[in-house]
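Q: Using full-length UniProt numbering, the letters of the sequence shown map in sequence onto residues 1 to 317.
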Amino acid sequence: MSQFLMKTTKNKVQRCVKILLLFTLFLACYKVFIAYLEDVREEAADEEDLQTVFMDANKKEIFKKWLDCAKWSLLVIDDPVQFWTQFTKLTKKCDEDAEIDKLGLITLKNKDEDKVAILPKNFQNDERHTFVTIGIGKDITGEQRWQRKMGKLGKTVEFYGADPMTEVNEHLYPQIGKYFPFAVAKNPGYATASVLINRQYFNQSVIHVDMMYFVERLLKLKTIDNLWMDSEGAEYDLFEIFEKDGSFDRNGIELCQVNLEVHLSETGPNNLHYERFMHFVKTLIKEERFAIFRTEEVIHMRMYMFNFDSDFCRRKY
């Protein structure tokens with residue numbers, strides 16, 4: 001009897017082991033198949049996006065249409081809260097009126113958000129291509145997608161990323177470029193900043209390096225092709241770099257494409273934030289330098305900006 005039980009138990013164990021091995025094999029094959037499908041999707045997306053380099057839109061006409069719409073829609077609003085709540089709806093209408101898709105906008109997906117960009121339409125391979133990430137957020141998926149698409153055009157991109165949260169970022173960003181373990185703000189110092197940890201915001205003391213020192217002294221850049229800025233609140237003081245006679249303008253730094261996230265406070269009142277945001281957007285519209293496309297409100301405000309005032313940017317993109 002005992003031998004029969006032992007044999008039965010042994011058979012059951014063997015069957016369990018076989019089932020486990022088959023399941024493990026199935027899981028491995030499934031993962032390979034999913035990875036293959038993802039590669040196929042990425043290749044298809046690349047082929048579609050690379051076709052945009054042949055699009056020859058009238059940038060001045062598109063920008064004029066967008067500006068006319070923005071002036072009529074946004075400059076007439078004086079209430080900061082209303083301006084914020086209506087901003088996405090109104091700018092999307094302006095995007096449609098100006099037919100901005102003719103510019104060849106492409107989407108670069110991060111893990112939890114979409115970035116926007118325009119591939120270069122100038123085929124000279126000797127041009128420098130620079131990419132600055134302020135606030136990496138433990139995710140370089142979008143940057144890697146840009147790098148791959150640019151590589152298929154025969155172009156090399158210089159990546160520079162800054163984020164005070166060294167965990168993950170210090171190992172992640174060096175895969176594509178140079179990593180700097182500090183925050184970038186308008187002024188240097190040691191201050192409290194709102195940082196995202198495990199999908200929750202916490203106040204944490206971080207070292208700040210001022211933007212001009214970072215760009216001019218450390219990176220030694222005079223042109224920035226792509227700036228992705230997610231500064232967790234420090235962006236308000238940095239609005240001036242996008243404005244005429246701002247620090248970038250005074251120091252001869254040309255900035256072409258921007259993905260910007262504007263944050264609201266998670267705890268305190270946001271009246272001042274609403275006011276500063278409204279003033280910033282109205283200033284950009286009046287100065288007729290940057291257009292603001294593809295806006296999205298997800299508690300905070302995300303937007304893509306292109307510098308239509310720069311001959312360098314218009315020629316290159």
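Built from N, CA and C at the ideal position, the CB exists for glycine as well.
#1: Rounded to whole angstroms, what's the CA-CA distance from residue 303 to residue 294? Just pull it up for me.
#2: Out of curiosity, what's the CA-to-CA distance linking residue 143 and residue 251?
#3: Of all the beta strand (DSSP E) runs that stay within the bounds of the segment 265 to 297, which reach a length of 3 or more residues?
#4: Let me check understanding here. Comparing Cα to Cα, which of 255, 168, 180 and 288 lies closest to residue 75?
#5: At what residues does the alpha helix (DSSP H) containing residue 81 begin and finish?
#6: In this structure, does DSSP put residue 32 in helix, strand or coil?
#7: Among the candidates 256, 165 and 84, whose CA atom is the shortest distance from the CA of residue 183?
#8: For residue 256, I'd like the list of residues in its chain whose CB is within less than 6 Å of its CB, leaving aside the five on either flank, ordered along the chain.
#9: So what does DSSP say about residue 166, is it helix, strand or coil?
#10: Terminal residues of the continuous beta strand (DSSP E) containing residue 302?
#11: Return the CA-CA distance between residue 286 and residue 71, expressed in angstroms with no decimal places.
#12: For the alpha helix (DSSP H) that contains residue 147, what are its first and last residues?
#13: Once you ignore the five residues that flank residue 247 on each side, which residues in its own chain have a CB closer than 6 Å to its CB?
#14: For residue 46, which residues of its own chain have a beta-carbon under 8 Å away from its beta-carbon, when the five flanking residues on both sides are left out?
#15: Tell me where the alpha helix (DSSP H) around residue 173 begins and ends.
#16: Expressed to the nearest angstrom, what Euclidean distance is found between the alpha-carbon atoms of residue 180 and residue 163?
#17: Does the pairing of the segment 127 to 146 with the segment 228 to 241 give three or more beta-carbon distances under 8 Å?
#18: Go ahead and label residue 128 buried or exposed: buried means 16 or more other beta carbons lie within 10 angstroms of its beta carbon, across all protein chains shown.
#19: Apart from the five residues just before and just after residue 342, which ones in its own chain have a Cβ nearer than 7 Å to its Cβ?
#20: Would you tell me roughly how many angstroms separate the C-alpha atoms of residue 214 and residue 141, rounded to the nearest one?
#21: If you follow the alpha helix (DSSP H) that residue 248 is in, where does it begin and where does it stop?
#22: Could you tell me if residue 118 is buried or exposed, where buried requires 16 or more neighbouring beta carbons within 10 angstroms of its beta carbon?
#23: Going by C-alpha to C-alpha distance, which of 258, 235 and 280 sits closest to residue 265?
#24: Ignore the nearest five residues each way along the sequence and tell me which others in residue 283's own chain have a CB closer than 7 Å to its CB.
#25: Decide if residue 208 is buried, meaning its Cβ has at least 16 other Cβ atoms within 10 Å, or exposed.
#26: Roughly how many angstroms separate the alpha carbons of residue 109 and residue 80, rounded to a whole number?
#27: If you compare alpha carbons, which of 299, 115, 64 and 58 is closest to residue 258?
#28: With DSSP as the reference, label residue 37 as helix, strand or coil.
#29: In three-state terms, what does DSSP make of residue 328?
A: From the atom records:
#1: When rounded, the distance between both Cα atoms is 6 Å.
#2: Looking at the two C-alpha atoms, the distance is approximately 27 Å.
#3: Fully enclosed beta strand (DSSP E) runs of 3 or longer: not present.
#4: The residue with the shortest Cα to Cα distance from residue 75 is 288.
#5: It spans 80 to 98 - the alpha helix (DSSP H) in which residue 81 sits, taken as one unbroken run.
#6: Low local confidence applies: a pLDDT of 49 at residue 32 is under 50, so the model's placement there is unreliable, with the coordinate-based value given in what follows. Residue 32 falls in the helix class under three-state DSSP.
#7: Answer by Cα proximity: 165.
#8: Result list for residue 256: 225, 307 and 313, in chain order.
#9: Three-state result, residue 166: coil.
#10: Looking at the DSSP string, the run of the beta strand (DSSP E) that includes residue 302 is 300 to 307.
#11: The C-alpha of residue 286 lies about 8 Å from the C-alpha of residue 71.
#12: From DSSP, the alpha helix (DSSP H) with residue 147 extends over 141 to 152.
#13: Excluding positions up to five away in sequence, the list reads 212 and 241.
#14: If we look at residue 46 and ignore the five residues flanking it on each side, its Cβ neighbours are 148, 149 and 152.
#15: Residue 173 -> no alpha helix (DSSP H), and no H or E assigned at all.
#16: Near 7 Å, if we compare the C-alpha coordinates of residue 163 and residue 180.
#17: Touching, yes.
#18: It is exposed - the Cβ of residue 128 has fewer than 16 other Cβ atoms within 10 Å.
#19: There is simply no residue 342 to check, as the chain begins at 1 and stops at 317 in what is shown.
#20: Approximately 24 Å between the Cα atoms of the pair.
#21: Run containing residue 248: 247 to 250, per the alpha helix (DSSP H) assignment.
#22: Burial call: buried.
#23: Residue 265 has its Cα closest to that of 235, out of 258, 235 and 280.
#24: Excluding residues within five positions, the ones whose Cβ falls inside 7 Å are 243.
#25: Buried, because 16 or more other Cβ atoms sit within 10 Å of the Cβ of residue 208.
#26: Taking the straight line from one Cα to the other gives about 31 Å.
#27: If we check each option's Cα against that of residue 258, 115 comes out closest.
#28: Here the model assigns residue 37 a pLDDT of 48, short of 50, so the residue's position is not dependable, and the following value carries that caveat. It is helical.
#29: Since the first residue of the chain shown is 1 and the last is 317, residue 328 is not available in this structure.
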